[in-house]
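Novice: Below is the structure I would like to discuss, written out as C-alpha cells.
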Amino acid sequence: MIAIGGGGIIAAVMGIFVFILGEAYPLFTDPELKQAGSLQQAGKGRGLAIGVDPYREVAFIVGEDGLGFLQTQSGERIHSEQLEGLVEKNWFSAYSWRNGRRLLLGLDDGRVLVSRVGYDLEYSDEERRVLPNFAVKEEVVLDAGKERIVELAYGDDEESRSAIAGITASGKLLVVLRERQQALFGPGRMEQETFNLEGGLKGNPTTVLVDNLVRQVLVGTDQGEMGEWRLEGMDGEPSFRGSFQVAEEGIPVTALAFILGDVSVIVGDGKGNVSTWFQVMEEKTRRFRRIHSFDPHAHPVMRIAPSQRGKQFLTGDAQGMVGLHHMTSEQTLFQMTSGTKGIADLIFAPKADGFLILGTEGKLEHYQLDNAHPDVTSDVLFKKVWYEGYPQPEFVWQSTGGTDEFESKISMIPLAFGTVKGTFYAMLFALPLAILAAIYTAEFASPKVRNLVKPTVEVMASLPSVILGFLAGLWLAPILESRMVGTLLLFPLVPVIILAAAWAWHQLPETFVRRVAYKGEIYLLTVVALGAVWLSYAVGPWFERMAFGSDFLSWLTREGDVHYDQRNCLVVGFAMGFAVIPLVFTICEDALSSVPRHLRAGSLALGATPWQTAIKVVLPMAIPGIFSASMIGFGRAIGETMIVLMAPGNTPIMDWDIFNGMRTIAANIAVELPEAPHHGSLYRVLFLSGLLLFMVTFCINSLAEVVRQRLREKYNRL
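Have a look at this one:
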C-alpha cells in the first residue's frame, strides 16, 4: 500500500507537470503557412491596391480596369453597379487605409477620389455570405497644378481631423488638412487647407506617411533620409522638425509604414534593409532612433503591410519575396518566395490569420497563416526589451492596457525577482526566530513551558493565509506606516535590552539564580521583551523628531530617494513569518528532541554547560532535520499566494528596498489567470511561469534532499 500510495503521488505530480507543459508548449511552435488560393489574372494590367474582408472570403482589387471584387477561394469576380462609370477615371496611385475603410485613388490631374469599401454579412440556411459595397465619398483637389499623383497617404483620427498627403510626378510634397469645426446644432462645417511642404530634405521624396492622430507627416527620400513635419492645425503652417538618416546615404527609402499604435515607423530601403524606428529623448530633444533591425531582402523593399492585431508586419520586395516580422521580439519569422514577378501591394487580413499578395502582373495569391503567439520568445521573456515609449531596454511586466494599440509586456524577470525578494524577506524574519525558538524549547525550556509553547505554535500553522494577508494588508500596514520609526527601533533595542538583562541576571547572587532558573526566567524574559517593545514605540516619536525632522517618510523620500509604499516587504516579512515560523519551528524542535539523551548526558558529565551541549553536541546532530525544515519553509514561502497578493501591493517592480512591494509569480497567476483570454499568449505565459515555479521548487527540494542525506550520513558517523 505504501508503494501504491507513493507511486500515485509521483503519477499525480507528473500529470500536473505534463498538463502545465502542454499548455505552455504552443508558445514556442513555429508559424504555419499554407497557400489558400491563387488567381493568375485578378485584374487587367497593372495592379495598384488590394483589400480583404475579415473572413478572407471577398477581396477587392484596384487595377487599370477599375475596382472590382472577387471570391478569394474560387476567383469568381463580383460585379457591382456601384463600379459603373469609374473605369474612365485614369488613376495612377492608390492607398488603402485600414483595409479599405478609406480607399484613396490618385488621378492624373491632381485630384484624389476618397472612397469607402465595406462588407455586410448575410446569414441564410446556416450559411454566411459576405456582401461587399463600395462608394465614392468625395473628390479632393490635392494639386491645383493638375500634376499626376504618384504616391498617396492618409490619416484620420475618426473624430474631426483627417489629412491626405501626396507626391506629384515632379516631386512636390502636398498635404490637404481637413478639420470639422464643431457646431451647436448639426455636424458642423468642414474646413480644408492645402500645404506645400518644402525644404529641409536632401534629394527627392519617394514615399510619404501620415499618422492617425493627424499630427505628423513623414517623408522618405532617394538619399536615405526621413523628414518629419508637424501639422499644427488649420491656423498655422506645418513645421519641419528635422531629418534623420534611416538608410545608407544615396540609398532610397522605398517604403514607410506605421506599426499598430502609430509610434514606431517601419522603414524599407533600396538595398532590402528593414528596420523600425521610434522617437526617444536625447539631449532634451525627441529624435528618431533605430530600435530593431530584421533579416534583409535581396532586392528593394516595395511594400510594407502592418497587422491590425499586433506588432507583426509583412514586407515584400521587387522580385516577389515576402517576409513576416515581429517588431518587439526583433525576429523574422519567415521569408518566402511568392509566385509573382513583383509586389504591387501586400495586405494583412484584419484578423492577422492570413495575407494577400498582388503581383505587378495582376496575379493574386492568398495565404493562410497560423501564428498565434509571435510576441512570445525566450528573449522577450528573459532579456531586456526596448518597448515603445521607453528610453532604454528594460524588464517590464504589464500584461493589459486600456486601448487596442496596447502591447503586452511579459518579461518574467520582474516576477522572478519579486518571488526571490518576497522569499528572502520572509525567511530573513522567520528562519532565525523559528530555529532559535526551537533550540530554546527543546534544550532549555521546562517541560511545562514546552508543553504550552509547542502546541500553541503548531496551532498557528492552521491560520488561513488569506486571513493573514487580509490582516497584513488592511490592518498591520497602516499601523506600521504610522509607527515606522518605533518599529525599526525594535530591531536594535529588543536584542540589546535582552542581552543587557541577561548580563544583569548573571550578576545576581547564585542562590537566587538557582532558585528561579528553569521556572521563572521565561516569565522574566517575557516581561523584559515586552518592556523593550514598549520602550521602542515610546521613544519612536521623540527619535523621529530629533533625527528625521518629525517626518521619517518625508525624510526617506527627500534624502534617500525612496518612495515609501504602505504595503511593502516589511509587512510581508511579518505576515509570512506567521505562516512559515510554525512549520520550521515544529520540524526543528522534533529534530532537536530526537537527538539521543545519552549524548547530552555525556556532555554534561564531562563538564560542558547546557549552552555548550546544545551548540556543540545537539545542534550538529540535528543539522539534517534543521536543514530540511529550512527548505520546507523556503518552499512554503516561495509558493505562497494570498499573503503576497494582499500584503505587498502586488506591483511588478525590481527594487530590493524593504519599503517597496513586489509581485511574485504565484500572486501574478492568481491575479491574471481569471481574466486571461483562453489559449491566448497571456494565458499560456502564465502557465509557463507556473511551470518555471514548479521546476525551481522541484530542483531546490531535490537538491535539499541530497544535501540532507549527506549531512545525515556525516553526523551519524560521529
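In my numbering, the protein residues as written are 4 to 721. All C-beta atoms, glycine included, are put in the ideal place defined by N, C-alpha and C.
When the Cα atoms are used, what is the spatial distance from MET657 to GLY421?
Specialist: Indexing the sequence shown from 1 puts residue 657 at position 654. Indexing the sequence shown from 1 puts residue 421 at position 418. So the alpha carbons of these two residues sit roughly 7 Å apart.
Novice: Measure the Cβ-Cβ separation of VAL217 and ASP160 and say whether it is below 8 Å.
Specialist: By one-based count along the sequence shown, residue 217 stands at place 214. By one-based count along the sequence shown, residue 160 stands at place 157. Yes.
Novice: If you check the beta carbons only, do VAL266 and LEU259 fall under 8 Å apart?
Specialist: One-based indexing of the sequence shown puts residue 266 at position 263. One-based indexing of the sequence shown puts residue 259 at position 256. Not a contact, by the Cβ cut-off of 8 Å.
Novice: Taking 6 Å as the limit between beta carbons, can you name the residues of its chain near ILE383, skipping five residues before and five after?
Specialist: Translated into the one-based positions of the sequence shown, residue 383 becomes position 380. Reading the sequence as shown, one finds Val at residue 383 and not Ile. The answer, listed in chain order, is SER332.
Novice: Measuring alpha carbon to alpha carbon, tell me which residue in VAL536, PHE555, GLY534 is nearest PRO544.
Specialist: In the sequence shown, the residue the question calls residue 544 occupies position 541. Of VAL536, PHE555, GLY534, the residue nearest in Cα terms is PHE555.
Novice: Is it the case that the stretch 120 to 135 contacts the stretch 177 to 185, given that we only count it when at least three CB pairs across the two stretches are under 8 Å?
Specialist: No, they do not touch.
Novice: For LEU689 and ALA375, what's the separation of their Cα atoms in angstroms?
Specialist: Position 686 of the sequence shown, counted from the start, is the residue given in the question as residue 689. Position 372 of the sequence shown, counted from the start, is the residue given in the question as residue 375. Roughly 16 Å separates the two Cα atoms.
Novice: Considering only residues of the same chain and omitting the five flanking positions on each side of ASP356, which have a CB-CB separation below 8 Å?
Specialist: Taking the first residue of the sequence shown as 1, we reach residue 356 at position 353. Contacts found: ARG59, GLN371, LEU372, ASP373.
Novice: Does the distance from the C-beta atom of LEU483 to that of VAL423 stay below 8 Å?
Specialist: For this step, residue 483 is matched to residue 480 along the sequence shown. For this step, residue 423 is matched to residue 420 along the sequence shown. No, they are not a contact pair.
Novice: For GLU84, is the classification buried or exposed, using 16 other Cβ atoms within 10 angstroms of its Cβ as the cut-off for buried?
Specialist: Here residue 84 refers to the residue found at position 81 when the sequence shown is read from its first residue. At GLU84 the pLDDT is 45, less than 50, meaning the model places this residue with poor confidence; the figure from the coordinates comes in the next sentence. Exposed: under 16 other Cβ atoms inside 10 Å.
Novice: Give the single residue among ALA52, LEU528, ILE170 whose Cα lies nearest to the Cα of ASN199.
Specialist: To locate residue 199, count along the sequence shown from 1; it is residue 196. Considering only alpha carbons, the answer is ILE170.
Novice: Report, in whole angstroms, the separation of the C-beta atoms of SER310 and SER296, which I expect to be a contact under 8 Å.
Specialist: Looking up residue 310 in the sequence shown gives position 307. Looking up residue 296 in the sequence shown gives position 293. At roughly 19 Å, the Cβ-Cβ gap does not stay under 8 Å, so SER310 and SER296 are not in contact.
Novice: Contact defined as beta carbons within less than 8 Å: I believe LEU36 pairs with PHE337. What is the distance between those atoms, to the nearest angstrom?
Specialist: Along the sequence shown, read from residue 1 onward, the residue named residue 36 stands at position 33. Along the sequence shown, read from residue 1 onward, the residue named residue 337 stands at position 334. Between PHE337 and LEU36 the Cβ distance is about 7 Å, and since that is below 8 Å, they are a contact.
Novice: Could you name each continuous alpha helix (DSSP H) segment of 4 residues or more that falls completely within the stretch 407 to 481, going from the start of the chain to the end?
Specialist: Runs found: 416 to 446, 450 to 463, 468 to 474.
Novice: Just how far apart, CA to CA, sit THR589 and GLN395?
Specialist: Numbered from 1 along the sequence shown, position 586 holds the residue referred to as residue 589. Numbered from 1 along the sequence shown, position 392 holds the residue referred to as residue 395. So the two alpha carbons sit approximately 49 Å from each other.
Novice: Here's a check: name, in chain order, each residue in its chain whose Cβ is nearer than 8 Å to the Cβ of LEU86, leaving out the five neighbours to either side.
Specialist: In the sequence shown, counting from the first residue as 1, residue 86 sits at position 83. Reliability of the predicted coordinates at LEU86 is poor, the pLDDT of 46 falling under 50, and no value is obtained from them.
Novice: Could you check what DSSP says for HIS601 in three-state terms: helix, strand or coil?
Specialist: Taking the sequence shown and counting its residues from 1, one reaches residue 601 at position 598. Reduced to three states, the DSSP call for HIS601 is helix.
Novice: So the candidates are HIS682, LYS149, GLY563, ALA582; which of them puts its Cα closest to the Cα of LEU30?
Specialist: Translated into the one-based positions of the sequence shown, residue 30 becomes position 27. Selected option, being the one with the closest Cα: HIS682.
Novice: Taking the alpha carbon of THR75 as the reference point, which residue from ARG292, LEU361, ASP33 has its own alpha carbon closest?
Specialist: What you label residue 75 is simply residue 72 of the sequence shown in a count that begins at 1. Answer by Cα proximity: LEU361.
Novice: Once the 5 residues before and after PHE291 are set aside, which same chain residues still bring their CB inside 6 Å of it?
Specialist: In the sequence shown, counting from the first residue as 1, residue 291 sits at position 288. These residues qualify, in order along the chain: PHE247, TRP280, GLN282.
Novice: Are PRO241 and VAL211 touching if we call contact CB-CB under 8 Å?
Specialist: Taking the first residue of the sequence shown as 1, we reach residue 241 at position 238. Taking the first residue of the sequence shown as 1, we reach residue 211 at position 208. Not closer than 8 Å, so no.
Novice: Would you please state the rounded distance, in angstroms, between the beta carbons of LEU2 and ARG666? I believe it to be under 8 Å.
Specialist: A question about residue 2 goes unanswered here, because the residues of the chain that appear run from 4 up to 721.
Novice: Given a cut-off of 8 Å on the beta-carbon distance, is the pair LEU471 and ILE584 in contact?
Specialist: Taking the sequence shown and counting its residues from 1, one reaches residue 471 at position 468. Taking the sequence shown and counting its residues from 1, one reaches residue 584 at position 581. Result no, Cβ atoms of LEU471 and ILE584 do not sit closer than 8 Å.
Novice: Of all the beta strand (DSSP E) runs that stay within the bounds of the stretch 87 to 129, which reach a length of 3 or more residues?
Specialist: DSSP runs (the beta strand (DSSP E)) wholly in the stretch 87 to 129: 94 to 100, 105 to 110, 114 to 127.
Novice: Taking the alpha-carbon of ILE438 as reference, which of SER633, GLY534, SER381, ALA550 has the nearest alpha-carbon?
Specialist: Residue numbering aside, residue 438 sits at position 435 when the sequence shown is read from its first letter. Considering only alpha carbons, the answer is SER633.
Novice: Among THR380, ILE167, LYS457, which has the Cα closest to the Cα of ARG687?
Specialist: Working through the sequence shown from its first residue, we reach residue 687 at position 684. Checking every option, the nearest Cα to that of ARG687 belongs to THR380.
Novice: Would you tell me roughly how many angstroms separate the C-alpha atoms of ASP112 and ALA168, rounded to the nearest one?
Specialist: Numbered from its first residue, the sequence shown carries residue 112 at position 109. Numbered from its first residue, the sequence shown carries residue 168 at position 165. In a straight line, the C-alpha of ASP112 is about 15 Å away from that of ALA168.
Novice: Could you check which residue in MET649, PRO450, ASN215, GLU252 has the C-alpha nearest to that of LEU204?
Specialist: The residue you call residue 204 lines up with position 201 of the sequence shown. The shortest Cα separation from LEU204 among MET649, PRO450, ASN215, GLU252 belongs to GLU252.
Novice: According to DSSP, is ASN199 helix, strand or coil?
Specialist: One-based indexing of the sequence shown puts residue 199 at position 196. Here ASN199 sits in strand by DSSP.
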